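Before any comments, here is the structure.
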Ligand SMILES: [Zn+2]
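Residue numbers (the numbering used here): 13 to 490.
Shown next as structure tokens:
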């Protein structure tokens with residue numbers, strides 16, 4: 013079976029086929045262009061935001077597993093209504109303010125073991141491209157300037173050109189307030205309103221403005237993504253991702269601006285395949301600070317959870333399902349990962365550095381079948397834990413050879429290029445714990461067994477178990 017993915021444009025699961033099959037990299041791999049709407053950098057990202065970014069990382073990794081070379085673009089929105097408000101409140105310069113939160117975002121992405129996107133365009137570095145795109149829309153009569161020097165996109169003119177507004181969502185134009193004008197980047201989901209492409213400078217903008225043919229001002233949010241994605245990936249590309257809340261109006265407006273500019277070759281769309289990740293609930297409710305269920309990645313790390321546990325939990329449910337993220341779920345992730353780690357540890361010990369000629373088919377086959385089915389991670393993890401059970405059975409029965417162990421390990425390593433769960437490396441043992449374990453070894457050597465036992469108890473109270481093996485003591489999380 014080939015890879016099948018749900019496409020929001022067609023509302024159906026369809027085979028994934030790159031738009032330009034002859035576009036290949038130096039290694040001969042087909043190149044896939046993929047754009048995921050990135051963060052607006054004005055605050056710490058919450059766990060709901062990161063569900064989308066981990067989802068994008070999964071899509072990119074699975075396409076690479078399937079042999080494609082992925083150009084993975086994620087924009088950084090570094091000029092936008094909320095940012096300007098914060099810059100005004102904090103009094104810090106725009107670039108300094110956004111650099112801080114961009115850095116924090118990239119650190120959080122790395123905590124969750126997401127591969128860095130191949131391109132991270134920042135909106136403020138694309139003002140020239142944004143202005144040029146708006147000029148095209150004005151020249152085609154689809155955008156118009158208002159008396160204050162702003163420029164708006166006309167839904168009516170766009171539709172008048174035979175273009176389709178409402179490709180990602182079904183819109184009832186009769187019941188909606190067509191022709192109204194909105195300056196906000198995020199507007200009422202019920203209105204099909206003309207939206208701002210360029211916002212004329214107002215006193216509240218402070219230093220945040222650029223020159224343009226229509227006067228000083230700044231871009232709207234929607235046009236930023238059209239300009240950056242087409243500049244980096246070309247006027248037509250394969251995949252566009254984002255959270256489902258962005259489908260309308262943001263993504264619909266991206267299509268309208270990009271196709272309205274008429275820069276695609278005849279018959280080619282702006283984007284062939286749209287994918288949207290579902291919402292995240294936390295403890296059964298929509299996240300909110302007042303309910304106490306609003307978590308940033310850093311909040312969860314401060315509670316003692318690890319990036320790998322958070323990543324595992326986020327990757328345990330299919331991306332199109334609303335997922336209920338809970339602290340109990342994170343505890344469950346810890347237990348599940350410990351089972352996996354233990355099995356991998358035993359296989360590694362038995363394999364003792366033996367090289368596998370090829371990974372075992374069984375696990376890789378079941379994994380691929382599950383993931384080809386619109387990235388069915390639940391079924392892929394079920395395959396992994398069935399495999400763990402089987403390896404444990406063979407190991408316990410003494411029916412596993414060194415070579416077999418190496419082959420099975422290679423299978424896990426192959427599929428883990430997609431899951432991206434970092435190993436339970438010894439480096440994860442904090443330095444003070446290692447020092448305690450070493451002092452226990454010293455106590456045993458000095459035959460001070462009472463002291464050694466006391467240190468063992470202390471380690472246990474800190475959450476670590478010491479296991480004495482032929483190769484020396486090993487530390488495991490309780
Ligand atoms: Zn976007």
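Ideal Cβ positions, reconstructed from N, Cα and C, are used throughout, including at glycine.
Here the structure is a predicted model, which means the values were calculated and not measured.
Would you tell me roughly how many angstroms separate the C-alpha atoms of residue i and residue j, rounded to the nearest one?
i: residue 134; j: residue 142; result: 12 Å
i: residue 515; j: residue 407; result: The first residue shown for the chain is 13 and the last is 490, placing residue 515 beyond what the model contains.
i: residue 64; j: residue 228; result: 34 Å
i: residue 27; j: residue 62; result: 27 Å
i: residue 347; j: residue 327; result: 15 Å
i: residue 170; j: residue 193; result: 15 Å
i: residue 235; j: residue 209; result: 6 Å
i: residue 221; j: residue 107; result: 12 Å
i: residue 439; j: residue 459; result: At residue 439, the pLDDT of 40 sits below 50, so the modelled position is not reliable; the number obtained from the coordinates is stated separately. Each residue's Cα considered, the two are about 29 Å apart.
i: residue 474; j: residue 315; result: 14 Å
i: residue 147; j: residue 110; result: 27 Å
i: residue 308; j: residue 18; result: 29 Å
i: residue 161; j: residue 217; result: 15 Å
i: residue 377; j: residue 402; result: 16 Å
i: residue 295; j: residue 339; result: 8 Å
i: residue 178; j: residue 75; result: 28 Å
i: residue 69; j: residue 167; result: 34 Å
i: residue 175; j: residue 279; result: 12 Å
i: residue 51; j: residue 463; result: 52 Å
If you drop the 5 nearest sequence neighbours on each side, which residues of the same chain put their C-beta closer than 7 Å to that of residue i?
i: residue 467; result: 448, 451, 452 and 455
i: residue 331; result: 67, 289, 290 and 387
i: residue 414; result: 362, 363, 364 and 366
Note down, in chain order, each residue of its chain lying with its Cβ closer than 6 Å to the Cβ of residue i, except the 5 sequence neighbours on either side.
i: residue 81; result: 37, 41 and 43
i: residue 45; result: 83, 245, 249 and 250
i: residue 491; result: Within the shown structure, residues of the chain are numbered from 13 to 490, placing residue 491 beyond reach of any answer.
i: residue 391; result: 382
My guess is that residue i and residue j are in contact by the Cβ rule of under 8 Å, so how many angstroms apart are they, rounded?
i: residue 137; j: residue 384; result: Wrong, their Cβ atoms sit about 38 Å apart, outside the cutoff.
i: residue 85; j: residue 47; result: 5 Å
i: residue 253; j: residue 287; result: 5 Å
i: residue 492; j: residue 125; result: Any property of residue 492 remains undetermined from this structure, which presents the chain solely from 13 to 490.
i: residue 185; j: residue 269; result: Rounded, the Cβ-Cβ distance is 19 Å, inconsistent with contact.
i: residue 116; j: residue 54; result: At roughly 11 Å, the Cβ-Cβ gap does not stay under 8 Å, so residue 116 and residue 54 are not in contact.
Can you tell me whether residue i is buried or exposed? The criterion is at least 16 other CB atoms within 10 Å of its CB, across all chains shown.
i: residue 215; result: exposed
i: residue 411; result: exposed
i: residue 13; result: exposed
i: residue 419; result: buried
i: residue 114; result: buried
i: residue 427; result: buried
i: residue 211; result: buried
i: residue 260; result: buried
i: residue 181; result: exposed
i: residue 369; result: exposed
i: residue 255; result: buried
i: residue 155; result: buried
i: residue 277; result: exposed
i: residue 271; result: buried
i: residue 101; result: exposed
i: residue 351; result: exposed
Between which residues of its own chain and residue i is the CB-CB distance below 8 Å, once the five residues before and five after are set aside?
i: residue 349; result: 320, 321, 324, 433 and 436
i: residue 306; result: 58, 294, 299 and 300
Let me check you understand the geometry: is the CB of residue i closer than 7 Å to at least one non-hydrogen atom of ligand 2?
i: residue 237; result: Among the ligands modelled here, namely ligand 1, ligand 2 does not occur.
Please give me, in chain order, every unbroken run of the alpha helix (DSSP H) with length at least 4 that falls completely inside the stretch 284-361. 309-314 and 319-326
Of all the beta strand (DSSP E) runs that stay within the bounds of the stretch 147-216, which reach a length of 3 or more residues? 155-157, 163-165 and 206-212
What are the complete beta strand (DSSP E) segments, minimum 3 residues, inside the stretch 370-436? none
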